[in-house]
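Residue numbers (our numbering), protein chains in the order written: chain A, 1 to 134; chain B, 1 to 546.
Printed below as a string of structure tokens:
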């Protein structure tokens, strides 16, 4: 079993996966996902980016547990995973924790609202409008 | 022009630092080429036939003098003294050394430029109308919206691993100078009942399966601009094909679903995502728009020109377009001198154009998808001085939209994807047609060295496609395409030719046009009126039917 790496406060690294969702499964079609603690989203190939949409939609549906990215992933995907709502990663090949932390901390700003707590540049530039939007 | 604030600069600087780390790991052997390749590609660095090629983003084709001078510096310092402007309004350098690539990106960052997302299956550089802010027929300036898209699409977490690359164009005139309907998303700014909004076209493209984008929304309010794009991208990311690289573009999804079903899915997704606070506030749009406020045009300028020098008069007639401000003109600079490589400019030429922009054009330069440059705001009274300076730098060719203004991809001279050479065919054709170009009038010839269609052959009045035929370069001839507001796709005329044969065939096509045209008809008009038959007969003789 691949080592679990937390990328967000919602991670529950000690917990096992309750369910695994494949790239071509529609998370909106799954009943009862809200009962789970850890939902795994599988990336058989890193190039296949459907899992990013799945995670984000789960967060939009209000899922507050751990969403774990599993499969063919490297440090280069971490920031996109985190921003799309993933909270932990279990990569096939082990991640170097120091390199992973550096990758997550690399960019000081983001340009769009997503499923993490990142505040888009436009909201930083216009803080009053941002409060209204939230 | 847009100027970076601390946020924009910090993001680009962070990208350079990230890439420098990755490059150092590659050079030390900690990263192998397999793992490094996707990282360098995300920074526009390709390994080509002879060397690394770097593609630099020129957002919506707009440059300042300082930026163009930096592109000249890059050409001198890191390449062989020239650069190649592309059909995506970008610039490519063909002789880059890997070890120097991080320094190059750092130099670009010092003038608010980058190579982010110029490759890979992500949202690429946003394209626009090269006459934006200057065109007389413009509803409003499209560039603030293009800049908003640039920022929104940069490192978008959900859309960084799309099924395939994704290209967006924004225009604001009925005249389409950006081939808008041949993009994955084409956005046209329009007026309705005193409000501005967008016509939204999705699923156009060239390449292996050329398709003209259908309209999926006739008026998108500006307040939903980003959330609607988000909805389109989400439907594509979830349902675009990933089993076959040749069927992975959004045009295939839209075509397979049908435009109305695709639109329905987008509307449904949009109804959801618009509640998530994805759209930038009015204040941000106003902030960006301020950067694109019209420059301080002078009033009461002289409109008349001294046309005493016939070479100057010809250049004015062919290269200069009307401007929305009285007394100003739009100047097109040809990068198509006969015998040279279409779209190439030397470092010295870039310096000259940068100087001219600063002195005469409110410090702006535009890159066109036809691989030429534009000075968007020049006083009529300065045209003579501009022309003289261009002429001294070998940049005063007068062939805009004429037979020698040929678009050509790099082809097999540089590109690993190519099946045939494009540049020599373009050069031979230009030399052949130059003496007749005035007589032939508007004639857009576009040459691609492979089915991917970077040379836009599908949109050529005359398109040429290089293919591999049993190990030999073979060229197909296509007629009747257009990338303008009357968008159409060129059709193959008949069997292909070798390099000498394609040149002869084009000559026969042009002769047939001259023989058959009605008063005032362009080549494209004659082809549309008569169809392929007379051209087929001219090229293949009477023996080929159908």
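The C-beta atom is built at its ideal place from N, Cα and C for all residues, glycine as well.
- A Cβ-Cβ distance of about 5 Å is found for the pair residue 99 of chain A and residue 75 of chain A, placing them in contact under the 8 Å criterion.
- At least 9 Å separates the CB of residue 9 of chain A from every CB of chain B.
- Looking at B/141, B/48, B/127, the one whose alpha-carbon comes closest to that of residue 95 of chain B is B/48.
- Put simply, the region 233-249 of chain B does not touch the region 214-224 of chain B. Fewer than three CB pairs are less than 8 Å apart.
- The C-alpha of residue 89 of chain B is placed about 11 Å away from the C-alpha of residue 124 of chain B.
- For residue 98 of chain B, the CB contacts under 7 Å within the same chain, skipping 5 residues up- and downstream, are 52 in chain order.
- Ranked by how close their Cα comes to the Cα of residue 70 of chain B, the residues B/369, B/113, B/43, B/29 have B/113 in first place.
- DSSP lists B/53 as the bridge partner or partners of residue 46 of chain B.
- By the Cβ neighbour-count rule, residue 479 of chain B is buried, with 16 or more other Cβ atoms within 10 Å of its own.
- Within the region 456-504 of chain B, the complete beta strand (DSSP E) segments of 3 residues or longer fall at 462-469, 472-479, listed in chain order.
- Annotation: the region 215-302 of chain B contains the following complete segments of the alpha helix (DSSP H) (minimum length 4 residues), in chain order: 225-239, 250-257, 259-273, 282-291.
- Using a CB distance cut-off of 9 Å, residue 15 of chain B counts as an interface residue toward chain A.
- The residues 16, in chain order, have a CB closer than 6 Å to that of residue 106 of chain B in the same chain once the five nearest residues on each side in sequence are set aside.
- Under the three-state reduction of DSSP output, residue 97 of chain A falls in the helix class.
- Using a CB distance cut-off of 9 Å, residue 94 of chain A does not count as an interface residue toward chain B.
- Ranking B/141, B/120, B/328 by CA distance to the CA of residue 129 of chain B puts B/141 first.
- For the pair residue 492 of chain B and residue 445 of chain B, the CB atoms are not nearer than the 9 Å cut-off.
- Each residue's CA atom was taken as its position, placing residue 351 of chain B and residue 520 of chain B some 39 Å apart.
- Neighbourhood of residue 68 of chain A in chain B, by CB distance below 9 Å: empty, with the nearest CB roughly 16 Å away.
- Below the 7 Å Cβ cutoff, chain B contributes 7, 151 as neighbours of residue 121 of chain A, in chain order.
- Where residue 73 of chain B is concerned, there is no enclosing beta strand (DSSP E), although the alpha helix (DSSP H) around it starts and stops at 65-78.
- Inter-residue distance for residue 83 of chain B and residue 341 of chain B is about 11 Å (C-alpha atoms, whole angstroms).
- With respect to chain A, the C-beta atom of residue 158 of chain B has a partner C-beta closer than 9 Å.
- In the three-state scheme derived from DSSP, where H, G and I count as helix and E and B as strand, residue 315 of chain B is classed as helix.
- Residue-level contact by beta carbon holds for residue 277 of chain B and chain A, with a gap shorter than 9 Å.
- The C-beta separation of residue 311 of chain B from residue 226 of chain B comes to about 48 Å, leaving the pair out of contact by the 8 Å criterion.
- Nearest CB-CB separation between residue 465 of chain B and chain A: not below the 9 Å threshold.
- For the region 95-118 of chain B, the set of positions with a beta-carbon nearer than 8 Å to some beta-carbon of chain A is empty.
- For the pair residue 418 of chain B and residue 463 of chain B, the CB atoms are not nearer than the 9 Å cut-off.
- Residue B/302 holds the alpha-carbon nearest to the alpha-carbon of residue 325 of chain B among B/30, B/302, B/173.
- Residue contact with chain B for residue 21 of chain A: absent (no Cβ-Cβ distance below 9 Å to any residue of chain B).
- Of the candidates B/188, B/102, B/262, the residue whose Cα lies closest to the Cα of residue 39 of chain B is B/102.
- Remark: C-beta atoms of residue 213 of chain B and residue 240 of chain B do not approach each other more closely than 9 Å.
- Taking 9 Å as the CB threshold, residue 238 of chain B lines the interface with chain A.
- Rounded to whole angstroms, residue 66 of chain A and residue 188 of chain B show a C-alpha spacing of 42 Å.
- Within 10 angstroms of the beta-carbon of residue 119 of chain B lie 16 or more other beta-carbons, which makes it buried.
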